[in-house]
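Visitor: This is the structure I want to talk about, given as structure tokens.
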Amino acid sequence: MPIAKNIPISPNVLTVIGLGISFLAAIEFATGDLIMGAVYIMLSGIFDVLDGAVAKASGMITPFGGVLDSVCDRYADAIIFAGIIYGSITGVIHQPTLLQVPLWLLCIIALIGSYMVSYTRARAEAAGSSSMNVGIAERSERMIILVLGAFSSQIMVAVALIAILTHVTLLQRIWKAKQTL
1 MPIAKNIPIS
11 PNVLTVIGLG
21 ISFLAAIEFA
31 TGDLIMGAVY
41 IMLSGIFDVL
51 DGAVAKASGM
61 ITPFGGVLDS
71 VCDRYADAII
81 FAGIIYGSIT
91 GVIHQPTLLQ
101 VPLWLLCIIA
111 LIGSYMVSYT
121 RARAEAAGSS
131 SMNVGIAERS
141 ERMIILVLGA
151 FSSQIMVAVA
161 LIAILTHVTL
171 LQRIWKAKQT
181 L
């Protein structure tokens with residue numbers, strides 16, 4: 001990314017800014033503003049891409065930067081779903097249940113799946129598995145689904161889709177780990 005060479009901010013600072021923007025997304029979801037929540041998720045995603053690009057362009061790729069990025073991504077996922085849960089419980093996000101399952105519960109299932117996708121990758125790679133970048137719902141895909149659901153006022157469908165796809169991805173990663181270990 002050519003623009004990355006001209007960004008005078010450290011990759012770690014960009015990572016933390018992206019996390020801060022995720023907090024803004026959570027606040028918007030908590031107040032029922034799905035559109036602004038989606039806009040902040042997209043803005044946060046830009047910083048998530050920029051931090052890695054700046055690290056590569058400036059030769060500042062470090063093990064700590066990778067850890068910070070992963071931790072901030074997990075924190076961002078949690079806070080965004082917490083905002084949706086809060087908006088759902090307070091009634092500012094008006095969504096019917098899906099198969100008698102309320103939005104707040106789907107968020108918890110989606111968040112568990114999101115965390116397990118990341119944990120499975122980290123654990124399998126620590127055990128010696130080759131690259132675990134497999135699965136149909138990595139973080140970027142999950143955030144795109146959430147943004148599209150928010151923009152279309154179909155947040156319930158988006159969260160349900162994330163809940164399903166994260167667990168499918170988890171199974172794909174477990175299968176890959178079994179094959180490579």
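End of the sequence shown = 181 in UniProt numbering, gap-free, step of one.
Note that beta-carbon positions come from the ideal geometry of N, C-alpha and C, so glycine has one too.
Source: prediction; values computed, not measured.
#1: Under DSSP, the alpha helix (DSSP H) around residue 182 begins and ends at which residues?
#2: Which of the three DSSP states, helix, strand or coil, is assigned to residue 99?
#3: With burial defined as no fewer than 16 other Cβ atoms inside 10 Å of the residue's Cβ, what is the status of residue 40: buried or exposed?
#4: For the candidate residues 103, 47, 167, whose alpha-carbon lies nearest to that of residue 136?
#5: According to DSSP, is residue 15 part of a helix, a strand, or is it coil?
#6: Does DSSP put residue 138 in a helix, in a strand, or in coil?
#7: With H, G and I counted as helix, E and B as strand and the rest as coil, what does DSSP make of residue 62?
#8: Between 56, 35, 71, 36, which has its C-alpha nearest residue 19's C-alpha?
#9: Rounded to whole angstroms, how far is the Cβ of residue 110 from the Cβ of residue 163, which I believe are closer than 8 angstroms?
#10: Any idea what DSSP makes of residue 9, helix, strand or coil?
#11: Just checking my contact of residue 182 with residue 134 at CB under 8 angstroms: how many whole Å lie between their CB atoms?
#12: Compare the beta carbon distance of residue 14 and residue 54 with 8 angstroms and say whether it is the shorter of the two.
#13: Out of 160, 48, 124, 105, point me to the one whose CA is closest to residue 139's CA.
Guide: So, from the listed chains and residues:
#1: It is not possible to answer for residue 182, since the shown part of the chain is limited to 1 through 181.
#2: Reduced to three states, the DSSP call for residue 99 is coil.
#3: buried
#4: 167
#5: Helix.
#6: coil
#7: coil
#8: 71
#9: 4 angstroms
#10: Looking at residue 9 - three-state DSSP - the assignment turns out to be coil, as it is neither helix nor strand.
#11: As displayed, the chain neither begins before 1 nor continues past 181, which places residue 182 out of reach and without an answer.
#12: yes
#13: 48
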